[in-house]
Amino acid sequence: TISVESAYAQTTGQLKTLHAKEAIDPIKLDGILDEASWQDAEMGVDFWQYWPSDSIRAKTTTEVKITYDENFIYVGAKLYHYNKKKYIINSLSRDFQGPEIDGFHVNFDTYYDNTNAFNFAINPSGAQREGTIADGGNGSIDVSWDNKWFSEVTVTDDYWIAEMAIPFKTIRYKEGSTVWGFNSFRLDGNANERVIWTSIPQGFSMSSLAFDGELIFDKPLKKPGPNISLIPYLAGGTSKDYEGKTPRDNNLAIGGDAKIGVTPGLNLDLTVNPDFSQVEVDRQQTNISRFELFFPEKRQFFLENNDLFSNYGGETSRPFFSRRIGITQDTATGQNIQNTIHAGARLSGKLDKNWRIGLLTMQAAADDKNGLPSINYGMTVLQRKVMTNSTISAFMVNKEAVFNDSEKDYDVSLDHYNRVIGSEFNYRSINGRFRSTAYYHRSFTEQDTLNKEFTSGILVNYLTRRFSILTQFNEVGKNYTAEVGFVPRLDFKRSFTQAKLNFYPQTNGISSHGATVEYEQIWNSDRSRTDQMASIGYDINFRNLARFSLMGTIDYTFLLANFDPARKSNGVFLAAGTDYTYKRITWGYSSNTRKTVFYNFNGSVGEFFNGKIFNLNGNINYRIRPIFNFSVDYNYNRLRLPEPFNDADLFLIGPKFEFTFTRNLFFTTLIQYNNQLENVNLNARFQWRYKPVSDFFLVYTDNYYTSPVFLGARNRAIVFKWTYWLNL
């Protein structure tokens with residue numbers, strides 16, 4: 125057995141390297157690797173396990189080679205099979221997910237700054253996946269980034285071969301560079317292991333860039349060719365609003381995007397009359413809290429380079445939240461609706477190895493029906509790398525009414541504006557163990573009070589294989605206003621600490637287990653304490669991918685406003701100025717996700733304010749690999765409060781049908797029943813990828829009442845969208 129210390133030795137001096145030689149003959153992309161260039165290429169071997177153990181060599185052999193020519197960087201990998209069982213392929217769709225599957229990944233840190241990287245992956249069916257890595261790889265890989273690259277696979281009983289051709293103009297790098305940060309990892313479902321070229325301890329993310337090796341090119345890289353892509357679209361459809369009793373609306377629209385590589389490191393994205401009708405519908409949530417819920421952004425234009433624009437502040441004090449753009453509220457129904465965006469532009473990327481820049485502007489149309497003027501949304505970011513892999517950022521977010529008719533009567537003053545200016549410092553140690561963040565943001569409006577219009581915070585996190593501790597403090601002033609941000613609560617100070625202790629037993633059944641302790645306290649300027657939470661929990665991770673958790677929590681809440689947990693229109697409120705201490709037990713169990721049928725059961729039971737709560741949530745899944753997956757998400761909350769307050773039984777059920785007929789043909793149907801919103805939603809989405817990154821979509825959406833008439837029609841729409849990716 126190889127010691128843990130030797131497994132991680134490369135982080136303390138034994139740097140792993142792979143040399144990329146220029147191709148000596150043309151590469152034919154066929155998944156065979158029989159060209160002379162592949163025979164001449166250096167082989168990367170000796171992969172380490174990351175899971176279930178992180179201190180031994182991989183059970184199965186993985187070989188990776190890299191070569192390049194003037195236009196492409198090529199990756200060839202031979203991945204030996206653990207046994208004669210079928211490869212585990214859950215889906216043929218792009219951006220496939222899941223730790224239990226078979227898949228091969230490469231990460232390219234093209235500026236070798238241990239901060240940002242590109243990820244490319246493929247599975248034995250040939251399905252592609254690409255994404256970006258930010259913040260040194262501390263989080264997950266963002267697969268929202270889409271681009272055109274090429275690949276082929278061959279599959280045998282004993283091994284499979286992956287061959288990739290990635291255009292240099294697809295990825296950003298410095299002209300003349302000879303060294304990139306590099307890592308490669310493999311998910312092997314049959315061997316039940318995840319393996320990686322340079323070893324990473326389990327306490328760290330598998331995509332952590334702190335443990336990268338080096339990819340060394342034998343010649344300085346040339347400037348890539350022009351990178352200009354046009355993506356026009358044609359969309360149309362018909363809709364009917366039964367709730368508003370309006371006539372049927374038929375529409376036809378054209379527009380498109382353009383992607384222009386200004387320099388090898390700097391991209392300009394343009395959009396004209398953008399259409400988001402093909403975007404997957406939100407997963408609904410039950411809200412028994414006092415605050416607004418967070419829904420993730422799903423619109424492609426806003427997701428690319430998301431880390432440069434959105435990763436500021438804390439979870440409850442984000443200065444920029446792109447879902448505020450192009451979405452408004454219907455004053456008649458209170459529902460969120462899309463507001464037309466005329467055009468937008470985003471310039472983002474690296475000026476050099478040390479400087480990143482981001483410029484964003486979006487112009488939304490006026491909405492006369494709801495009394496909204498035309499609004500311009502903008503953000504400017506400048507980021508400087510300091511020390512080895514730390515950054516200092518400065519930004520400004522702006523929302524302002526422009527290009528409006530002063531003779532019209534709007535609900536918002538045409539002089540109105542909202543701006544947030546801020547600065548952040550992010551520190552990451554070279555070994556990835558220590559990171560910290562400090563920030564200060566200040567908001568400005570035309571009615572500036574110069575009092576408590578700020579938010580600030582500091583976070584410190586220390587991480588090892590066995591132990592981690594995170595502590596943070598943040599404050600939001602009572603007049604802080606970020607209209608393009610996500611700030612569900614004002615006028616508070618919050619401290620939070622979390623400590624984890626993990627154990628890695630040398631047993632066949634359990635891969636790891638450990639305890640977690642958390643403590644949170646919130647107070648404001650009017651009272652010493654408004655909220656407090658203390659919890660202790662234990663997690664067990666099994667080698668068959670199952671997981672069990674148990675946690676006990678004590679909460680304290682002082683209500684600053686009247687609150688009805690059931691959120692009933694005729695409800696009796698818990699009164700402002702009252703306080704409550706309540707306890708609950710929470711548990712969770714996830715089964716082996718490699719099985720045909722797998723499930724996730726979570727629940728809690730205990731006290732809730734002055735009453736009782738029972739919650740059960742999770743999902744049940746059935747699949748026929750790799751073409752079909754059926755899942756049912758469920759969430760049930762049983763609230764029992766003493767008289768005269770409201771009891772409630774809140775149900776949220778969401779069956780989903782997913783068909784991946786081929787790598788280019790997909791059909792998804794999601795049905796959601798939510799009795800808190802008294803709504804049933806049906807969303808069916810057909811996608812045909814007829815060429816690389818070019819699609820045809822057909823989407824049907826239906827919403828129904830559940831009360832007073834069950835399945836009474838609310839609104840209905842069917843739309844199509846055609847897109848074409850054209851490289852110039």
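In case it helps, our numbering puts the sequence shown at residues 125 to 852.
For glycine and all other residues, C-beta sits at the position ideal for the given N, C-alpha and C.
For residue 163, the secondary structure class from DSSP, reduced to helix, strand or coil, is helix. For the pair residue 556 and residue 589, the Cα-to-Cα distance works out to about 11 Å. Take the alpha-carbon of residue 635 and the one of residue 511: they are about 36 Å apart. Per the C-alpha coordinates, the member of 269, 830 and 690 positioned closest to residue 771 is 690. DSSP places residue 294 in the helix class (H, G or I) of the three-state scheme. Residues of the same chain with a CB within less than 6 Å of the CB of residue 426, apart from the 5 flanking positions on each side, are 446 in chain order. Boundaries of the beta strand (DSSP E) harbouring residue 810: 803-815, taken from the DSSP string. By alpha-carbon distance to residue 215, the top candidate from 800, 776 and 746 is 746. With 16 or more other Cβ atoms from the protein chains shown falling within 10 Å of its own Cβ, residue 317 counts as buried. Separation of the CB atoms of residue 305 and residue 236 is rounded to 5 Å, and the pair is thereby assigned contact status at 8 Å. The beta carbon of residue 800 lies closer than 6 Å to those of 410 and 774 in the same chain, with the five residues before and after it left out.
Taking C-beta separations shorter than 6 Å and ignoring five residues to either side along the sequence, residue 163 has no partners in its chain. Residue burial is scored here from C-beta neighbours: residue 240 has at least 16 other C-beta atoms within 10 angstroms and is therefore classed as buried. A Cβ-Cβ separation of about 4 Å places residue 182 in contact with residue 319 under the 8 Å criterion. Proximity of the segment 789-804 to the segment 705-724 falls short of the contact definition, fewer than three beta-carbon pairs being nearer than 8 Å. Judged by beta-carbon spacing, residue 449 lies beyond the 9 Å limit of residue 490, meaning their Cβ atoms are not closer than that value. In this chain, residue 409 is not harboured by any beta strand (DSSP E), its DSSP state being neither H nor E.
The shortest CA-to-CA distance from residue 517 to any of 492, 478, 499 and 374 is the one to 478. With respect to residue 441, residue 263 sits apart: the two C-beta atoms are not nearer than 9 Å.
Residue 730 and residue 331 have their alpha carbons spaced roughly 38 Å apart. In the DSSP assignment, residue 233 is bridged to 305. Distance between residue 847 and residue 794, taken at the CA atoms: about 23 Å.
Annotated three-state conformation of residue 630 is coil, per DSSP. Runs of the beta strand (DSSP E) lying entirely within the segment 772-796 and spanning at least 3 residues, in chain order: 772-786. Rounded to whole angstroms, the Cβ separation of residue 582 and residue 596 is 7 Å, and the two are in contact under 8 Å.
The C-alpha of residue 389 lies about 40 Å from the C-alpha of residue 749.
If you look at residue 752, you'll find it in the beta strand (DSSP E) that goes 752-764.
Across the set 347, 669, 740 and 444, the C-alpha of 740 shows the shortest separation from the C-alpha of residue 763.
Excluding sequence positions up to five before and after residue 659, its CB lies within less than 6 Å of the CB of 642, 675 and 677, all in the same chain and listed in chain order.
Separation of residue 552 and residue 373 (C-alpha to C-alpha, rounded to the nearest whole angstrom) is 53 Å.
The beta carbon of residue 523 lies closer than 7 Å to those of 499, 501, 541, 542, 607 and 608 in the same chain, with the five residues before and after it left out.
Selection 160, 666, 266 and 384 evaluated against residue 631 yields 666 as nearest (Cα-Cα). Note that the segment 369-384 does not touch the segment 295-315; fewer than 3 beta-carbon pairs, one per stretch, sit closer than 8 Å.
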